[in-house]
Structures are given as structure tokens and as C-alpha cells.
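K.L.:
Just passing along the structure, written as C-alpha cells.
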Amino acid sequence: MKEIFQWLFAPEKNRYLTIGLILTALGVILIPIVIGIPIAGIGFTIFALGVLISYGQKIPKVKKIIKGFRKRFFR
Numbered sequence: 008m009k010e011i012f013q014w015l016f017a018p019e020k021n022r023y024l025t026i027g028l029i030l031t032a033l034g035v036i037l038i039p040i041v042i043g044i045p046i047a048g049i050g051f052t053i054f055a056l057g058v059l060i061s062y063g064q065k066i067p068k069v070k071k072i073i074k075g076f077r078k079r080f081f082r
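Per the numbering used here, the sequence shown starts with residue 8, numbered consecutively.
Here it is in C-alpha cells:
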């Protein structure tokens, strides 16, 4: 379990993982209140995007595509 947290919160990992995980947890806690359902949905979506980006960075061809997207969106 300790390795999972170290991997998740490592500085070189993308911030979508941590933001998505925090929003998902917050949304699940707030599910009895109606506002918790959209927060959990948004958090899970951001977390899934972060997982796809992290997994994609391990594959060389996808790594080039991700660098191209970063150049376009983070100018």
C-alpha cells in the first residue's frame, strides 16, 4: 500500500491523478447531498484521464503524442 501512495504522489507524476482522486473521494463523501454525485463523476473522469496519460507515457510512440499535446495546450 505504501508503494501505491509513493507512486501516486511522486513529483514526476501528473497532477490529474491526485486532483481526480481527491475530487472522487470528496464526491463519495458528499453523495448523501445531491451535489456529491457530479463532484464524484468529475473527479473520476479526471482521475481516469490521469491514469491514461501516466500509462501512455510508458509507451514510446504515445510519449511523442503526449509531448505534442502538451506543446499545443500549455503555450
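Beta carbons: idealized from backbone N, C-alpha and C, even for Gly.
Alpha carbon to alpha carbon, how far is residue 57 from residue 28? Give it in angstroms, no decimals.
P.N.:
Using only the alpha carbons, I get a separation of about 10 Å.
K.L.:
Could you check the C-alpha separation between residue 72 and residue 22 for me, to the nearest Å?
P.N.:
Using only the alpha carbons, I get a separation of about 18 Å.
K.L.:
Do the CB positions of residue 30 and residue 46 come within less than 8 Å of each other?
P.N.:
For residue 30 and residue 46, yes; Cβs fall inside 8 Å.
K.L.:
Going by beta carbon distance, what residues of the same chain come within less than 8 Å of residue 78, once the five residues before and after it are set aside?
P.N.:
None.
K.L.:
Quick check: what's the CA-CA separation for residue 76 versus residue 61?
P.N.:
The alpha-carbon atoms of residue 76 and residue 61 are separated by roughly 14 Å.
K.L.:
I believe residue 35 touches residue 43 by the beta-carbon criterion, under 8 Å. Please report the beta-carbon distance rounded to the nearest angstrom.
P.N.:
Yes, they are in contact, since the Cβ atoms of residue 35 and residue 43 sit about 7 Å apart, within 8 Å.
K.L.:
Which residues bound the alpha helix (DSSP H) around residue 35?
P.N.:
That run of the alpha helix (DSSP H) goes 22-36.
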